[in-house]
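All remarks here apply to the structure that follows.
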Amino acid sequence: MYAPALDTYRRQQVDTASPMQLVRMLYDAMLESTREAKAALTERDYERVHHRLLHAQRIVEELDHALDIERGGDIAGNLRRLYDFLIQRLTYVNITKSVSALEDTEAVMEEMHAMWSGVPGWD
């Protein structure tokens, strides 16, 4: 597909998405980035690993910044702690290039994705 057309399509998806759909897009992109980082680790493409992990980290930071701690109460506080943990783990993986640490981190992300999948309006 022509790159500018793809960019326009993606922008329209974001612009017309509900808040829950935006969260889903972020979670999907976060998992995609970590999976790409894992593939790059097995190929020993450390530059790609670095960029994919930074991308995943920026997504987690965006999710964290979107939290409304006042209105979200304990749930938002727990999510903040999970996001902080994920940021620390992604940084650790980027430094150590540890596949097992990345797999552990990815498992937490997949659990979070599954948790959000049960929330009404996710689809």
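Using our numbering, the letters of the sequence shown map in sequence onto residues 37 to 159. Ideal placement from N, C-alpha and C gives every residue a C-beta, glycine not left out.
{"Query": "Within the segment 130-154, ranges of the beta strand (DSSP E) (whole runs, at least 3 residues)", "Result": "none"}
{"Query": "Check whether V135 and L67 have beta carbons under 8 Å apart", "Result": "no"}
{"Query": "Straight-line Cα distance separating M61 from D120", "Result": "20 Å"}
{"Query": "Pick from Y63, T132, M56, R117 that is closest to R80, judged by C-alpha positions", "Result": "T132"}
{"Query": "Presumed contact (8 Å Cβ cut-off) between V155 and T141, rounded CB distance", "Result": "Their Cβ separation, rounded to whole angstroms, is 22 Å, which puts V155 and T141 out of contact at 8 Å."}
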